[in-house]
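Colleague: Residue numbers (the working numbering): 18 to 312.
Note that beta-carbon positions come from the ideal geometry of N, C-alpha and C, so glycine has one too.
Take this structure first; my questions come after.
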DNA sequence: GAACCGTGGGT
DNA sequence: TACCCAAGGTT
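Take a look at the structure:
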């Protein structure tokens, strides 16, 4: 054994205990189901927009079996405008699988979690670590950015790679409980201090050990991400169509959807078809359209 | 690996 | 105003 050295975890774990935001899904007593719901809602959606819907969901559907019993239409309405509604559909399907195949208990095993709809590399490990206390690396966009800067000395994380898991696993303390806290701390640092656009290095607990800082904060290689377009995209049109159906009490005539996008009828038709393919919309025998399972 | 999938707040 | 970005997953 050589001389003991201060690790990133030695600094970040205490920092997290002192500075962590009081988010509802972090409170004692939160179930694994509650953690899973929060993780799905937080996929590409900011924390501030998730807090209220999360509370409402857990009150209405406190267990997977409760949500599994609800029609998909109600799940989509409760999802509201959180975005990417396929996430809601997959969460509904995951709840049905958990209720039917796992005794209404959210699995703790990463592989089993990954086999559920809508649960990928990140979410499976987040649930394993934050809900079940396992010592597994949890790598999201925040963690990749913190590791890129503090450890690798780069301005930004590149594209996600399989290597990310090993890079992060190396930072976890041996103690299982501390490892989960470290993962939460890395995410918290990336979300509140080591942010993408204008990092607050003056307030950073690890700036003294940061490789990017040591190198003089070199600039990145330009835009790491492609600009997201929005106006006129299929995503916008699909959003408009679904918004009509969410706002209606039941099935609507085709004309109601036509009115939602007059700019380009061909695009509107194509988007409606893709929503049908995705299972986000259904058509009744009488020609009207509705949310799935509604009738 | 890249494109696609919503929505809205921050700068 | 435009553009950036957000606790990703699936194809």
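(1) Which of the three DSSP states is assigned to residue 128 in this structure?
(2) If we ignore side chains and look at the alpha-carbon of each, how far apart do residue 32 and residue 222 end up?
(3) Which residues in the same chain as residue 196 place their Cβ atom closer than 6 Å to its Cβ, once the five residues preceding and following it in sequence are excluded?
(4) Beta-carbon within less than 6 Å of residue 200's beta-carbon, same chain only, minus the 5 sequence neighbours each way: which residues are those?
(5) According to DSSP, what are the bridge partners of residue 230?
(6) Residue 119 to residue 133, Cα distance in whole Å?
(7) Should residue 39 be counted as a contact of the ligand SAM given a C-beta to heavy atom distance under 7 Å?
(8) For the candidate residues 103, 150, 166, whose alpha-carbon lies nearest to that of residue 136?
(9) Counting along the chain, where does the alpha helix (DSSP H) carrying residue 311 start and finish?
(10) Assign residue 232 to one of two classes, buried (16 or more other C-beta atoms within 10 Å of its C-beta) or exposed (fewer than that).
(11) Let me confirm a value: residue 161 is counted as buried when at least 16 other C-beta atoms fall within 10 Å, else exposed. Which label applies?
(12) In the DSSP assignment, find the unbroken alpha helix (DSSP H) run with residue 67 in it and report its ends.
(13) How many Å lie between residue 28 and residue 202 at the Cα?
(14) Would residue 274 and residue 306 qualify as a contact pair, given that the criterion is a beta-carbon distance under 8 Å?
(15) Would the beta-carbon of residue 75 fall within 8 Å of that of residue 89?
(16) Can you give me the start and stop residues for the alpha helix (DSSP H) that residue 139 sits inside?
(17) Taking the alpha carbon of residue 265 as the reference point, which residue from 85, 97, 69, 46 has its own alpha carbon closest?
(18) What do you reckon, are the CB atoms on residue 170 and residue 208 nearer than 8 Å?
(19) Can you tell me where the alpha helix (DSSP H) holding residue 55 begins and where it ends?
(20) If I'm right that residue 110 touches residue 81 with Cβ under 8 Å, what's the distance once you round it to whole angstroms?
(21) Determine the DSSP secondary structure at residue 212, reduced to helix, strand or coil.
Modeller: From the atom records:
(1) As a first step, residue 128 must be located in the first chain, where it is residue number 111. Helix, per DSSP.
(2) As a first step, residue 32 is located in the first chain; it is residue number 15 there, counting from the start. As a first step, residue 222 is located in the first chain; it is residue number 205 there, counting from the start. Distance between the alpha carbons of residue 32 and residue 222: 7 Å.
(3) Translated into the one-based positions of the first chain, residue 196 becomes position 179. Within the same chain, residue 196 has close Cβ partners 152, 189, 190.
(4) What you label residue 200 is simply residue 183 of the first chain in a count that begins at 1. Cβ within range, chain order: 146, 155.
(5) Along the first chain, read from residue 1 onward, the residue named residue 230 stands at position 213. In the DSSP assignment, residue 230 forms no beta bridge with any residue.
(6) By 1-based counting over the first chain, the position of residue 119 is 102. By 1-based counting over the first chain, the position of residue 133 is 116. Near 11 Å, if we compare the C-alpha coordinates of residue 133 and residue 119.
(7) With respect to the ligand SAM, the structure offers nothing, as it holds no ligand at all.
(8) Taking the first chain and counting its residues from 1, the one referred to as residue 136 is at position 119. A check of alpha carbon separations from residue 136 across 103, 150, 166 identifies 103 as the nearest.
(9) On the first chain, position 294 is the one that residue 311 refers to. Neither: residue 311 is in no alpha helix (DSSP H) and is coded neither H nor E.
(10) The count along the first chain starts at 1 and reaches residue 232 at position 215. The residue is exposed, with fewer than 16 neighbouring Cβ atoms inside 10 Å.
(11) For the purposes of this step, residue 161 is identified with residue 144 of the first chain, where counting begins at 1. Residue 161 comes out buried.
(12) The sequence position of residue 67 within the first chain is 50, counting from 1. First-last of the alpha helix (DSSP H) with residue 67: 64–77.
(13) By one-based count along the first chain, residue 28 stands at place 11. By one-based count along the first chain, residue 202 stands at place 185. If you draw a straight line from the Cα of residue 28 to the Cα of residue 202, it is about 10 Å long.
(14) The count along the first chain starts at 1 and reaches residue 274 at position 257. The count along the first chain starts at 1 and reaches residue 306 at position 289. Contact flag set, yes.
(15) Here residue 75 is taken as the residue at index 58 of the first chain, counted from 1. Here residue 89 is taken as the residue at index 72 of the first chain, counted from 1. No. Outside cutoff.
(16) Here residue 139 is taken as the residue at index 122 of the first chain, counted from 1. Residues 138–147.
(17) Within the first chain, residue 265 is the residue found at index 248, counting from 1. The residue with the shortest Cα to Cα distance from residue 265 is 97.
(18) Looking up residue 170 in the first chain gives position 153. Looking up residue 208 in the first chain gives position 191. No, the pair does not count as a contact, with Cβ atoms beyond the cut-off.
(19) Residue 55 sits at position 38 when you count from the first residue of the first chain. First-last of the alpha helix (DSSP H) with residue 55: 49–58.
(20) Locating residue 110 in the first chain gives position 93, counting from the first residue. Locating residue 81 in the first chain gives position 64, counting from the first residue. Not quite, the Cβ-Cβ distance comes to about 11 Å (not below 8 Å), so this is no contact.
(21) The residue you call residue 212 lines up with position 195 of the first chain. Residue 212: coil per DSSP, three-state reduction.
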